[in-house]
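Per our numbering, the very first residue in the sequence shown carries number 13; after that it's consecutive. Scroll down for the structure; my scribbles are underneath it.
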Amino acid sequence: MIHVVGGGIAGLAAAYRLRQHGHDVHVFEASDDLGGLAATYETPGDRIESFYHHLSKSEETIVELADELGVGDRLEWLVGKNAYYVDGVVHPLDTPWEILAYPHLSIYDKFRLGMLTLGVDLRGGRPRFDSYESLEAYEDTPVREFIVEHTTEGVYDQFFEPLLDAKFGSRKEDVSAAWLLGRIKFRGERDLLRGEILGYFDGGFAPFIDALVEAVGRENVTTGARVTDLSLEDGAVSTLTVDTGAATETHDTEGVVVAAMPNVLEALCGYECDVDFQGAVCAVVTMDDSLTDTYWLNVAHDAPFGALIEHTNFVSPDRYGGKHLLYVASYVQEYDEDLWQASDDEIEELWLSHVEEMFPSFSRESVERFRLARNPRAAPVYERGYLEKVVPYDLREVADGLYYAGMASRAQYPERSLNGGIVAGFECADRIDARAPADEASSTDPRDPDRAVADGAGEK
Ligand SMILES: Cc1cc2nc3c(=O)[nH]c(=O)nc-3n(C[C@H](O)[C@H](O)[C@H](O)COP(=O)(O)OP(=O)(O)OC[C@H]3O[C@@H](n4cnc5c(N)ncnc54)[C@H](O)[C@@H]3O)c2cc1C
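Shown next, in the form of structure tokens:
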């Protein structure tokens, strides 16, 4: 029997692929619900994720899995309109003319920014088209230095810096240029006349996760079951201990996939991961009226949140009983920050009063419900040298039969995602099935550009 620690998307994907390979498998999930960070709230209609979620066109494994699970026809590709809030004005930034009309960048800044997003290196006035092919080449380059050298100071100050502030706060100087280039490539497809094309399931991600659980087999999953210990025999995993609240159980095991955050891995086996994480605080505000006509509003303003994401400008409010759903989101770098320390009521008051100040037409009377989610490890900080820190899928250096599919794995770079979680789960399951010796890999250097992400690069 192979055991999986964690019933988020990565653990469920690992279990699904192991079952496909013909292995007996059991998933233990500490909380009462499956889905991990993709957990949902009830609404008068479809369920809604407590943390905003959508797919990018560049993500393929989740689309293939949805097809395999029979829910591929529920996946819709919709336009998600982007805008920037600066000095009290919402500036749409989707079409070429909206970008041309944006007043906070010069035409030259826009040209250099546009070339960078198209992957064209214009340094020295001579276009080069292959400069950004290897992300690893920029692993040690500070993001600011890269942007200023490859575009202009204006592009950094007026465009990227507020975004970096919102995403990484006090850690923005630590972030690598490889992360930025990866994000640009990751975003995928745009409709020139309408904006970015993003994926979402009819019914949200809940029906997709339900279908995955169904395929794993409900009888092969236990919720409310926290794995508290792993024991080894002759250098291999031998038993795992599970606390179900009512009892403590010990199970013999042939293999363990840890599909949870690296602190869980460390607690179970002592493996120390150097990846730093940031926390997230995210509200879903249920409103009678719409706030803007934008899906994703970046906020370059002195506000205690980084983005306002109006989900019902992406998916119709009809799916939610006619209600409008707005995410208000902020990342925290240190747990002693005021926001992390504030109570839910304090955050509601702080955030809604700022929304009121930014949008005079907004009325609190419109707010029906304010639900807040927090997670202390919502995303890695993709700092310079990050790839040296990723946790290998196969942890035979710690114990034979031990695997890692959590958020610090290679598939979750340069952005953590549901797709990355599925890839990580599959990578572990395939390695268990193949039992390939580690030295058979073509290279043990995770920074080797020849080792593709989906190919399981990142083994230490
Ligand atoms: C604010 C925010 C926005 C996001 N936006 C997007 C997006 O737009 N698109 C996208 O694709 N992705 C997005 N993501 C990322 C996506 O949610 C994650 O990458 C993905 O859900 C990670 O899945 P996972 O299974 O690796 O981890 P998790 O979802 O964290 O699952 C780990 C599970 O392990 C369980 N667990 C922990 N310890 C134990 C233990 N000892 N025993 C048993 N169980 C244990 C936990 O309870 C949890 O259920 C977002 C995430 C956040 C926080």
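In this text, a Cβ means the ideal position worked out from N, Cα and C, and glycines have one as well. What you are looking at is a predicted structure, and each value in this text was computed from that prediction instead of being measured.
Query                                                                                                                           : Result
Neighbourhood of residue 438 by C-beta, 8 Å cutoff - its chain only, sequence neighbours within 5 removed                       : 25, 26, 29 and 73
Cβ pair count under 8 Å reaching 3, the segment 287-303 against the segment 35-48                                               : no
Of the listed residues 56, 430, 157 and 216, nearest to residue 21 (C-alpha basis)                                              : 430
Bounding residues of the alpha helix (DSSP H) (the contiguous stretch that carries residue 275)                                 : 274-281
Check whether residue 91 and residue 211 have beta carbons under 7 Å apart                                                      : no
Sequence-distant residues of its chain with Cβ nearer than 8 Å to residue 354 (five each side left out)                         : 362
Rounded separation between residue 88 and residue 71 - CA only                                                                  : 14 Å
Cut-off 6 Å between Cβ atoms - residues of its own chain near residue 436, not counting five sequence neighbours on either side : 22, 417, 421 and 423
Three-pair Cβ contact test at 8 Å for the segment 296-305 versus the segment 334-351                                            : yes
CB of residue 376 within 7 Å of CB of residue 384, strictly                                                                     : no
Residues that residue 103 bridges to, as DSSP identifies them                                                                   : 96
Whole-angstrom distance between residue 203 and residue 232, CA atom to CA atom                                                 : 42 Å
Under 7 Å between C-beta atoms of residue 268 and residue 249                                                                   : yes
Neighbourhood of residue 316 by C-beta distance below 7 Å, restricted to the same chain and skipping five residues each side    : 342, 351, 362, 363 and 366
The segment 220-227 in contact with the segment 177-185 per 3-pair CB rule at 8 Å                                               : no
Local Cβ density within 10 Å of residue 156, reported as buried at 16 or more and exposed below that                            : buried
Coil, strand or helix - residue 392 by DSSP                                                                                     : strand
Separation of residue 307 from residue 97, as counted between CA atoms                                                          : 12 Å
Same chain, Cβ closer than 6 Å to residue 237, five either side skipped, listed in chain order                                  : 40, 254 and 256
Beta-carbon spacing of residue 265, residue 15 below 7 Å                                                                        : yes
Residue 163 and residue 125 closer than 7 Å at C-beta                                                                           : yes
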